[in-house]
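First comes the structure, then the notes that go with it.
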Amino acid sequence: MPIPDIPGVKADRGLAEQFRAEVAHLLGRRNNNFPGAQPVSFARKHLRELMEHDYYLCEKTDGIRCLLYFTNDGPNEIHYLIDRKNDYYFVPNLHFPRHDDPSYQTFHTGTIVDGELVYDQEPGGLKLRFLVFDCLAIDGKSQTEKPLDKRLGYFRTLVMKPWEELFVRRHPEERQFLPFELVFKEMSFPYALSWMFDVKLPDLKHGNDGLIFTCKETPYIFGTDEKILKWKPAHENTIDFRLRLGDFPPLVANGNTGGGGGGPDFDAKPNFDLMVFHNKGDYRAFAPLHVTDDDWEVLKSVAQQLDGRIVECYKDAAGRWRFKRDDRGRPHFRDDKHEANHVSTVDKVLESIDDAVSKEDLTRSEQRIRDAFKRRQAERERRAKEEEAMRRMREEKRKRESVGGGGEAGGVAYNNGEPADKRLKPEPS
């Protein structure tokens, strides 16, 4: 399935800076960096995490990660997609009605949702959709301190339901004019693993490269979030490196390279180094990229600059780093990113690779994850019943104490510090 391009018009530098400051202020942040949360790679220790805390499970969509920013220009609503480079793209012809307006004319502003642009394969062709999996702000109020289940609940009630009412039930014919459709990404229980592998994933209309587990108990974290777990099959567990080309071999003339007259042979295969991002402007060599002769022909066929590009790579069975291929068989360059993976991310992915959790490991843990989940659920229900019983007892006590218009002491009703009978019937002088 092809990866979509971001629709819309890219904002110029000045306008983008203005929006970055607006978004930072809305979210209560002190910097203007991309605010989106980033997952960590799933390692064996995370099986225990799933047994100790409540998580949502969803498929990992192979699309373009974006935030969608709802704002306004005077009386008009405007919308921008924000990519991981923190660039802003104006997308016209979107409308997100408010839930409290029966006319569906008023709209949301100061709203940010997190999701992924993806092509769905439909009978009539490819359909661009934006799959929402989180919500950072609604109508000028940051939601990031709330747990995930609350954030999603507010989004569904205040944003998703009125959009569906207008464009799905009342005026479905209008959807054809939208640049993309809004879809709430389906969340499942963390133990629904066999169903996910056997039913959900084979039935997807778009590309998929793994699973995402997101803790439902924690707030939204800007940057790396240790409570968002990204599981991939071994062949999909990848790292984004910056590619550095070495020197090309000298041009061979008449069977020898002597004499110093031959320049570089740009048809011959050079060496390739994979570079890891440490700090701003600081890239360090990590490993060579293993490139076969066939791989080299593929790289040449791209007919684009290779040096300095960010490329997604995986470790093969022989321990060599290879570039991942896209649907066309070409290298999967990550031109949507400014930087390669940071060394801290690389370390976590390497840990995940060395301590890999297979599909079979996950499904074998399914029952234990379910049992632990059900125990926590039962304990919460027990505590809720106890709290409700205590609340009722306090309410009954309050009602009893209010009889007679005040508190009681020694069987005599008091009001404003005075015995009620004395206040109402003063002793004769």
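Numbering (the numbering used here), first residue to last: 298 to 726.
Glycine is no exception: its CB is placed at the ideal position from the N, C-alpha and C atoms.
For W528, the beta-bridge partners assigned by DSSP are L508. Distance from the Cα of M348 is smallest, within the candidate group P561, C512, D604, for C512.
P628 and Q473 have their C-alpha atoms roughly 33 Å apart. In this structure the region 661-669 does not touch the region 330-342; the number of beta carbon pairs closer than 8 Å is below three.
Y416 is bridged by DSSP to L425.
DSSP, reduced to helix, strand and coil, places L475 outside both helices and strands of the structure shown, so it counts as coil. Assigned with DSSP and collapsed to three states, I666 falls in helix.
Put simply, the backbone Cα of L455 is about 18 Å away from that of M484.
Apart from sequence neighbours up to five positions away, the residues of its chain that approach E648 with a beta-carbon distance below 6 Å are A340, ordered along the chain. The residue among D613, D591, V599, K527 with its C-alpha nearest the C-alpha of T642 is K527. By a beta-carbon distance limit of 8 Å, D436 contacts T408. Their separation comes to about 6 Å.
One Cα belongs to V320, the other to P459, and the distance between them is close to 24 Å. Nearest to P585 by C-alpha distance, out of D623, L542, R327, D506, is L542. Counting along the chain, H503 sits inside no beta strand (DSSP E), nor does DSSP assign it H or E at all. Per DSSP, the unbroken alpha helix (DSSP H) holding E657 starts and ends at 656-661. Under the three-state reduction of DSSP output, Y488 falls in the coil class, being neither helix nor strand. DSSP places L391 outside any alpha helix (DSSP H), giving it a letter other than H or E.
The beta carbon of K424 lies closer than 6 Å to those of D417 in the same chain, with the five residues before and after it left out.
Per DSSP, the beta-bridge partners of N369 are E374. For I300, the three-state secondary structure derived from DSSP is coil.
Beyond the five residues adjoining it in sequence on each side, D652 comes within less than 7 Å, by CB distance, of A340, R341 in the same chain, given in chain order. Proximity of the region 608-624 to the region 529-540 meets the contact definition, three or more beta-carbon pairs being nearer than 8 Å. In the DSSP assignment, S439 is bridged to A434.
Under the 8 Å Cβ criterion, the region 378-392 does not count as touching the region 348-360, having fewer than three qualifying pairs.
Using a 10 angstroms sphere on the CB of N568, the tally of other CB atoms stays under 16, which defines it as exposed. Going by DSSP, V608 is part of the beta strand (DSSP E) stretching over 607-612. One thing to note: S338 has its Cβ no nearer than 8 Å to the Cβ of K696.
Residues of the same chain with a CB within less than 6 Å of the CB of T660, apart from the 5 flanking positions on each side, are L490, S491 in chain order.
In the three-state scheme derived from DSSP, where H, G and I count as helix and E and B as strand, Q335 is classed as strand.
A residue is called buried once 16 or more other Cβ atoms fall within 10 Å of its Cβ, and Q315, having fewer, is exposed.
Taking the Cβ atoms as the reference, E413 lies roughly 7 Å from I361, within the contact range of under 8 Å.
The alpha helix (DSSP H) runs of length 4 or more contained entirely in the region 530-601 are, from start to end of the chain, 590-598.
Cβ-Cβ separation between R448 and Q440: approximately 5 Å, consistent with a contact (criterion under 8 Å).
By the CB criterion at 8 Å, Y386 and K307 fall inside the cutoff. By the CB criterion at 8 Å, E478 and R395 fall outside the cutoff.
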